[in-house]
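Have a look at the structure below, then the notes.
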Amino acid sequence: MSKKSEFVVVANRLPVDRVTDGEGEATWRRSPGGLVTAIVPVMQRRQGAWVGWSGAPDQDLEPFEAEGLSLIPVRLSARDVEYYYEGFSNATLWPLYHDVIAQPVYRRSLWEVYERVNRRFARAAADVAAEGAIVWVQDYQLQLVPKMLRELRPDLRIGFFLHIPFPPMELFQQLPWRRDILQGLLGADLVGFQSRDAASNFVRLCRRFLDLKPQGHEVAIEGRTVRADHFPISVDANELITLAADPGVQKRAAQIREDLGNPASVLLGVDRLDYTKGIQQRLEAFTELFEDERLKSGDAVFVQVATPSRERVEEYRILRDEIELQVGRANGLYAELGAPIINYMHTSYTREELAALYLAADVMVVTPLRDGMNLVAKEYVACRPDLRGALLLSEFAGAAAELHRAFLVNPYDIGGTKNRMWEAMHASPTERARRMRSMRKRVIEHDVDLWAKEFLDALEDGR
Ligand code: GDG
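Using this note's numbering, you'd call the opening residue of the sequence shown number 1 and step up by one each time.
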């Protein structure tokens, strides 16, 4: 395809999923999620193209159009998926960038494939970008793309956004390829992070390991200036408000409470099944409330939705077993016949069902040990115009910097988490409303559209 685009997004995955209809015909459907929703209108305005992997290994696909988007597939072999995606991205970078909660794997063979695959993405972007186009590279799987792309196409304006935390010196230092990653990112004109701390870590690391002399958040390199800044991502608040007002969703929420036996409190967790999310810590805190006899069956029910994730990575398989053992134990000890204290669902739901769960929950429990932002916390807040819910939120989630009226917890402190959980369950309606009102104001004013606009304005400003 020779058509060039003025605006190119480069991400590990394409924004569409392959679905098969009733007749067995395969088509593409836009993937759910804030990033796609926020960027699609921008792309439509600017003849945008999206470069990414289809999600299936060894698939040869020509560029195609779907959902009004121009899509450029990048091929990954089964080995690429194993080494670049499951390996370097999810067994090296993911744990390293999340406070080494799990031990990162440092293997040269993984790095080599990461480099090779990043180059493939950079070439695909270079081929499709028009003269002087804006290219926006997404996330930790593609940190080398900005530099590789600049070498191929110095005329482009390149932005990079990291969705996960960026670690402090003491941790980042471990990475054998630390200089390559920093240099990779510095190929961009603007490097965006979720938090101020992450942006500062990056600048400090450039000083320490590349001998550069940053001024504030600007790094001068090879006659250019790279800006590092924070742009906290958000949700499509309007979409969620509409969803929560839907009579079908509201009816379903009432049904869910009824199915749970109409307990005094419904607590909810919604996460990818990931060791960064603090699922074990929150379930331990909840179970201890029964052990302490502060709660008994019928007082409170915990619903934990754990969406299957990265199931071929060893750590994730172990975690799943541990959680399932923990849930079984807790119910074995404290449930009554037909009334588990924890309802654990290892599955994924539609947006409608998720909204109904948010509406049914008195306390939303979000306790990551480290999280770039955490959209679930913001989604819950957007879905509660009734002001009746309470949010229990980890200090280690990026979202805590904005949602400081949540019931904040340190998830490593099980005793403290348990008490705060109890407090959130028993807060008066006035207190819940006061906290929720302030959090809603923030999420509605700073939605995902504003996030994308602020990033792109900053990227174009520096031209
Ligand atoms: C990374 C960063 C950062 C979950 N289960 C279902 C479902 N979900 C949706 C949620 C939410 C999204 O998945 C999860 O987003 P989070 O932000 O909570 O977490 P990560 O997946 O780790 O995302 C994170 C984010 O990137 C964006 O920058 O905030 O810090 O780690 O939207 O609703 N959606 C549906 N069914 C499910 O069962 N439909």
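Built from N, CA and C at the ideal position, the CB exists for glycine as well.
Burial check for L325: the Cβ neighbour count within 10 Å stays below 16, so the residue is exposed.
Sequence-distant partners of A49 (beyond 5 residues in either direction) whose C-beta falls short of 7 Å from its own C-beta, in its chain, are S5, V8, S70, I72 and V128. Using a cutoff of 7 Å, the CB of S31 does not count as near the ligand GDG, since none of the ligand's heavy atoms is closer than that. At least 8 Å separates the beta-carbon of S195 from that of G415.
Counting other Cβ atoms within 10 Å of its Cβ, A264 stays below 16 and is therefore classed as exposed.
Taken in chain order, the whole alpha helix (DSSP H) runs of length 4 or more contained in the region 5 to 58 are 34 to 45.
I134 and L156 have their C-alpha atoms roughly 6 Å apart. Shown here, G261 sits in coil according to DSSP, grouped into three states, outside any helix or strand.
Relative to the ligand GDG, even the nearest heavy atom lies 7 Å or more away from the CB of M439. Assignment of alpha helix (DSSP H) within the region 342 to 389, counting only whole runs of 4 or more residues, yields 351 to 360 and 375 to 382 in chain order. Uninterrupted beta strand (DSSP E) stretches at least 3 residues long and entirely within the region 60 to 95 occur at 64 to 66 and 69 to 73, given in chain order. Distance from the CA atom of Y84 to the CA atom of A11, rounded to whole angstroms, is 14 Å. Along the region 295 to 348, the alpha helix (DSSP H) occurs as fully enclosed runs of 4 or more residues at 314 to 334, listed in sequence order.
The closest heavy atom of the ligand GDG lies 7 Å or more from the beta carbon of G261. Under the three-pair Cβ rule at 8 Å, the region 417 to 424 counts as touching the region 271 to 286.
By the criterion of a C-beta distance shorter than 7 Å, V81 is surrounded in its chain by P57, once the five residues flanking it on both sides are discounted. When DSSP reads this structure, V226 sits in a beta bridge with V219.
Here DSSP, grouped into helix, strand and coil, assigns I158 to strand. Around the beta carbon of L333, a 10 Å sphere encloses fewer than 16 other beta carbons of the protein chains shown; the residue is thus reported as exposed. The region 183 to 200 and the region 228 to 236 touch, with no fewer than 3 CB-CB distances between them shorter than 8 Å. For the set P340, A356, A220 and L295, the Cα lying nearest the Cα of I256 is the one of A356. Judged by their CB atoms, L268 and M364 are nearer to each other than the 8 Å cut-off. Annotation for D99: R370 place their beta carbon closer than 6 Å to its own, counting only its chain and skipping 5 residues before and after.
Setting aside the 5 residues that flank it on each side, R252 is surrounded in the same chain by A356, each with a C-beta closer than 6 Å to its C-beta; the list follows chain order.
Contact between the region 426 to 441 and the region 386 to 401 is established, with three or more Cβ pairs separated by less than 8 Å. In the displayed model, A397 falls within a strand according to three-state DSSP.
Exclusion of the five residues before and after P214 leaves V203, C206 and R207 as the residues of its chain whose Cβ lies within less than 7 Å of its Cβ. DSSP lists no bridge partner for V448.
Pairing F160 with R179 gives a Cβ-Cβ distance that is not under 8 Å. By the beta-carbon neighbour count (other beta carbons within 10 angstroms, threshold 16), N118 is buried. The Cβ atoms of A125 and L144 lie no closer than 8 Å to each other.
Per DSSP, reduced to three states, the secondary structure at E402 is coil, with no helix or strand assignment.
Looking from the CA of T276, the closest CA among P95, R30, L14 and E65 belongs to P95. Secondary structure at I101: coil, using DSSP grouped into helix, strand and coil. In the structure shown, A188 falls within a coil segment according to DSSP collapsed to helix, strand and coil.
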